[in-house]
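The structure appears below as structure tokens.
Residue numbers (our numbering): 5 to 558.
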């Protein structure tokens, strides 16, 4: 301490002694000149006087620790670095904080005995926390530490272990160390696949290179042996790799439901159909429709979770008049749970007619769906919009219905991730004189006009459609919509003599995403050879290449 400061402190103590002596004359609250005191100097600094001496450094006073500057004796506040350790001294009282302290909206842990700020991993009350290695603030949420990912509770900060659901997805965090696991992982005698990049648990069909696996759609555990998926029997090797889908033998080949559907679709047709709802009136001109060559009717089943008020009557009357009947549902969900409830409502309507509906049930999510959601404060992304449609269609499929998706070119290309919807039949709405050839070739139905003549005593116009696939044969022979399967297949487009993988390539259209990943694995050759092989197999080379570039991040 410099000489000047020492002189100042001596003068300050003499003043304190003089004041204390005077106070003894006027009050009995101060009983001794040596009474311990916090005293404020002329500059407003608090000092601590013990037996007439200014105190310095750490002092334990009435059950709390305080720190007084080693030169001036002034009480210190806030964050202080002392002997290379950080401490927090209360901004008002100067008392040293210990244990958990919330400071400027961040949590810190200060040693319960010594008060020094802790950093890094810290076990507190049998739970692990991570405190920033530099600043000491408690971390929450996802945190990458030493090249490993951990999830720290967003409220309390404690490290999570085992299965943890985060933002709607499941992750597995090591039960001891808490680090996020990726890839194949055996957990409680079951195998799971956790995304190699993000760690989220995968469900449903999984393609890894040339191998295919099926993971439980809810629990995520890998299926092995022989099992059913949507009524289709699959078998696997001992490690879960799908080796065949055993449904029906044709010659020396085994064909799955999807392969048989593809065979039926080779026999194209074209019949006229109308789609109707309560807006077409309470009285439909069925006989007039027949006289105009209309053979099929698609009835609006309902909207949101409400039935169209004429749906049941329209379906009954159409069946009685001998029309092929299908149905669609106008969707208004805000999330996947609501989409599932809407599908449940659709099924509750249609189950009365099981074994009689020979056309698909369609989801209808379009502009009105998004406008409704926006009005409720929900903005769908391409991914979440696709999620609700998949949820809706998969719920119906689980009830045994043959399903499809109603869409237009704008929604197919800009609003949906159609690589995830390709497995569902398309009912395309394109009223232009020259509709999209690309999407028309992918569609089982085409709504080509919205200005057909009135079909009832309501709306003056009607939507007109062409149906290209022989849906009654598909649905009845393969056991959809409550029919008993007969597996009577039409004549094959060519004799099947090649191994089953070649049969699948020839007959069954895989998704663009699947083909793109096969291209990356080198299964479709290179250069012009790749282009020729893809086009020969019925795939659009440029669509596949676009998806390849997306996967590669170009």
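Glycine included, each C-beta is placed from N, C-alpha and C at the ideal position.
Across the set 461, 468, 444, 457, the C-alpha of 468 shows the shortest separation from the C-alpha of residue 451. Taking a C-beta distance under 9 Å as the contact criterion, residue 197 and residue 224 qualify as a contact pair. Straight across, the Cα-Cα distance linking residue 307 with residue 314 is about 12 Å.
Closest option to residue 346, judged by alpha-carbon separation, among 357, 123, 365: 365. Here residue 98 is buried, its C-beta having at least 16 other C-beta atoms within 10 Å. No residue range can be given for residue 98, since it is assigned to no beta strand (DSSP E) and is classified by DSSP as neither H nor E.
Inter-segment contact for the region 261-278 and the region 291-303 is present: three or more beta-carbon pairs are separated by less than 8 Å.
Sequence-distant Cβ neighbours of residue 228 in its own chain, meaning closer than 6 Å and more than five residues away, are 240, 244.
DSSP, read as helix, strand or coil, puts residue 420 in coil. Here residue 146 carries a strand assignment [DSSP, helix/strand/coil]. In this chain, residue 405 is not harboured by any alpha helix (DSSP H), its DSSP state being neither H nor E. Comparing C-alpha distances from residue 423 to each of 394, 338, 283 shows the shortest one belongs to 394.
Taking 8 Å as the upper bound for CB-CB distance, residue 392 and residue 343 are in contact here, some 4 Å apart. Under DSSP, residue 217 forms a beta bridge with 210.
Residue 70 counts as buried, since no fewer than 16 other beta carbons sit within 10 angstroms of its beta carbon. DSSP places residue 264 in the uninterrupted alpha helix (DSSP H) bounded by 261-269. Contact between residue 165 and residue 178 holds, since their C-beta atoms are separated by about 7 Å, short of 8 Å. Taking the Cα positions, residue 103 is about 55 Å away from residue 349. Taking C-alpha positions only, residue 152 is separated from residue 182 by approximately 9 Å.
The beta carbon of residue 292 sits closer than 8 Å to those of 459, all from its chain and outside the five residues before and after it, given in chain order. For residue 429, the enclosing beta strand (DSSP E) begins and ends at 429-433. Comparing alpha carbon positions, the residue from 403, 448, 438, 172 closest to residue 411 is 448. Exclusion of the five residues before and after residue 170 leaves 155 as the residues of its chain whose Cβ lies within less than 7 Å of its Cβ.
Within the region 112-147, the runs of beta strand (DSSP E) that reach at least 3 residues and sit entirely inside it are, in chain order, 124-128, 131-135. The C-alpha of residue 329 lies about 20 Å from the C-alpha of residue 369. Straight through space, the alpha carbons of residue 472 and residue 271 are spaced by roughly 9 Å.
Fully enclosed alpha helix (DSSP H) runs of no fewer than 4 residues occupy 371-379, 386-402 of the region 349-414, in order along the chain. Separation of residue 431 and residue 446 (C-alpha to C-alpha, rounded to the nearest whole angstrom) is 9 Å.
Residue 447 has 430 as its beta-bridge partners, per DSSP.
Setting aside the 5 residues that flank it on each side, residue 454 is surrounded in the same chain by 435, 465, 467, each with a C-beta closer than 7 Å to its C-beta; the list follows chain order.
For residue 84, the enclosing beta strand (DSSP E) starts and ends at 82-86. Nearest to residue 363 by alpha-carbon distance, out of 145, 481, 55, is 481. Between residue 359 and the set 530, 86, 477, 59, the nearest pair of CA atoms involves 477. In this structure, 355 is the residue among 355, 537, 129, 125 with its C-alpha nearest to the C-alpha of residue 485.
For the options 535, 520, 540, the alpha carbon positioned closest to that of residue 554 is the one of 520. Distance from residue 110 to residue 101 at the Cβ level is roughly 13 Å; contact not present, criterion being Cβ atoms closer than 8 Å.
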